[in-house]
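Numbering (the numbering used here), first residue to last: 1006 to 1479.
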């Protein structure tokens, strides 16, 4: 059975990669890399696990591991090849571009400096993990899609959201087990990543709650990645629901319902909090103040329920979470304190590959690791954390401006989803190494890059209009 699934996964990945490659190389459609990656990345770890389980070949696993990087390399090379006059390439950099370039320059400097105890290979691997989202952003920054192509990326997001919930239902009501218990996930982690199985389900502790109930991850790498990723599905479904005819509303309601269902199955408190932050953000963007009031009433109702009607176990679960006495919450606080202590002691950072949960960070060197901002702060100092912060928030701000002012409804939708997803990820960024969740990280950074490009076009048109008016008046 494992061999059958390996053949299916390998064939699907191979066909998708070859399709994207021929579109990029022979037709000059270098931006089509995003279609392959958006469809492949949600299944990345599951496909590698199945391939390893069936073949027991680390070399074969490596081939499929590097496909995503090879796809980006082909996209970058074909972009450069099809630029007929690179010397005439317009450099109209926005604040997000400057911040990302500065952050990359800083991280590259730390790659070269003899700082920290990590080997150069581990540093290079970590630098690659930072470089790849930046390349995705750069390619998005230079992409201009037609209506049909933008529809295609949304369709992929919709299918992923619905399929993830479908697998959750099978896990919960048919298998009564995690999908990962059948895909060779634990063996893959042990052999490839040198991570011992843990927890009551033989996977990792991430797959269970403190009450030893299942936290489901569908075909994603774990429940936390799924919880972060479905936020993008919900935002996509919502913006299409709000901007299409009522006859098509049922489908977008389905996407939102599936996204919310997967969020529940993930049992991620940070993702739940992020969901309500995103709802609050959406209410502000659209001026839906009644939604804010309804949310406040729902929160008060929840408080009343916990205080007067909930079981004792649930009451103390909520209290322990809020007061950071829950085991998981305490773990976050400890990691934050360790990271902040390192940053105050070493304001310029302690070097690459010394924080976070990325594979090239060894346990003996790891400091902190459950807060994306502090992970960068530990390694690159306060300046590195600040540059990442500016990149993130300026990207969201410019995307919102595109949403408000663009006359292209599809670009406006994409800009909205990019901004809403990044806002939704703010709380998970404080409790996890979110940038290693390649699907939601890379696709949302591509959306931010695309939106910044659209912002530059809007700004150029506005300036030309102003100059034209000035000439006429003169």
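Glycine is no exception: its CB is placed at the ideal position from the N, C-alpha and C atoms.
For the alpha helix (DSSP H) that residue i lies in, which residues bound it at each end?
i            : result
residue 1246 : 1228-1247
residue 1395 : 1377-1410
residue 1046 : Element bounds for residue 1046: n/a, residue is neither H nor E.
residue 1185 : 1185-1188
residue 1211 : No alpha helix (DSSP H) contains residue 1211, which DSSP labels as neither H nor E.
residue 1140 : 1125-1146
residue 1103 : 1100-1117
residue 1486 : An answer regarding residue 1486 cannot be provided, because it is not within the stretch 1006 to 1479 covered by the chain.
residue 1480 : A question about residue 1480 goes unanswered here, because the residues of the chain that appear run from 1006 up to 1479.
Is it right to say residue i is buried, meaning 16 or more other beta carbons lie within 10 angstroms of its own, or is it exposed?
i            : result
residue 1477 : With a pLDDT of only 34 at residue 1477, under 50, the local geometry of the prediction cannot be trusted, and the value read off the model is given with reservation. Per the 10 Å Cβ criterion, exposed.
residue 1074 : exposed
residue 1014 : buried
residue 1427 : buried
residue 1064 : exposed
residue 1119 : exposed
residue 1347 : buried
residue 1068 : exposed
residue 1117 : exposed
residue 1479 : With a pLDDT of 29 at residue 1479, under the threshold of 50, the predicted position of this residue should be treated as unreliable, though the coordinate-derived value follows. That one is exposed.
residue 1101 : buried
residue 1438 : buried
residue 1219 : buried
residue 1087 : exposed
residue 1138 : buried
residue 1458 : buried
Please report the distance separating the alpha-carbon of residue i from that of residue j.
i            : j            : result
residue 1128 : residue 1098 : 29 Å
residue 1449 : residue 1237 : 8 Å
residue 1337 : residue 1375 : 6 Å
residue 1083 : residue 1178 : 47 Å
residue 1027 : residue 1444 : 22 Å
residue 1401 : residue 1281 : 18 Å
residue 1164 : residue 1279 : 22 Å
residue 1200 : residue 1194 : 5 Å
residue 1045 : residue 1314 : 45 Å
residue 1161 : residue 1365 : 31 Å
residue 1292 : residue 1175 : 38 Å
residue 1202 : residue 1389 : 34 Å
residue 1248 : residue 1467 : 25 Å
I'd like the list of long-range same chain contacts for residue i, defined as Cβ closer than 7 Å, with 5 residues on each side in sequence excluded.
i            : result
residue 1066 : 1053, 1056, 1057, 1197
residue 1356 : 1115, 1120, 1121, 1123, 1384
residue 1072 : 1018, 1022
residue 1235 : 1166, 1169, 1264, 1267, 1268
residue 1172 : 1184, 1223, 1224
residue 1231 : 1169, 1222, 1223, 1225, 1267, 1271
residue 1423 : 1404, 1449, 1452, 1453, 1456
residue 1308 : none
Counting only the same chain and skipping the five closest in sequence on each side, list residues whose C-beta sits under 8 Å from that of residue i.
i            : result
residue 1038 : 1025, 1029, 1076, 1077, 1079, 1080, 1144
residue 1192 : 1054, 1057, 1058
residue 1298 : none
residue 1465 : 1097
residue 1441 : 1134, 1361, 1362, 1363
Which residues in the same chain as residue i place their Cβ atom closer than 6 Å to its Cβ, once the five residues preceding and following it in sequence are excluded?
i            : result
residue 1451 : 1039, 1141, 1145
residue 1048 : 1224
residue 1475 : With a pLDDT of only 41 at residue 1475, under 50, the local geometry of the prediction cannot be trusted, and the value read off the model is given with reservation. Result list for residue 1475: empty, nothing under 6 Å.
residue 1420 : 1404, 1407, 1408, 1456
residue 963  : Beyond the ends of the chain as shown, which are 1006 and 1479, falls residue 963; an answer cannot be given.
residue 1148 : 1036, 1455
residue 1008 : 1059
residue 1242 : 1257, 1260, 1261
residue 1051 : 1188, 1224
Measuring only between beta-carbons, confirm whether residue i sits less than 8 Å from chain D.
i            : result
residue 1359 : Among the protein chains of the structure shown there is no chain D, as only one such chain exists.
Original post:
Between the stretch 1428-1441 and the stretch 1406-1416, do at least 3 Cβ pairs fall closer than 8 Å?
Top reply: no
Original post:
If you pair each beta-carbon of the stretch 1379-1399 with each one of the stretch 1104-1112, do three or more pairs fall below 8 Å?
Top reply: yes
**OP:** Answer yes if the stretch 1201-1210 comes into contact with the stretch 1252-1261, meaning at least three C-beta pairs across the two stretches below 8 Å, and no otherwise.
**Re:** no
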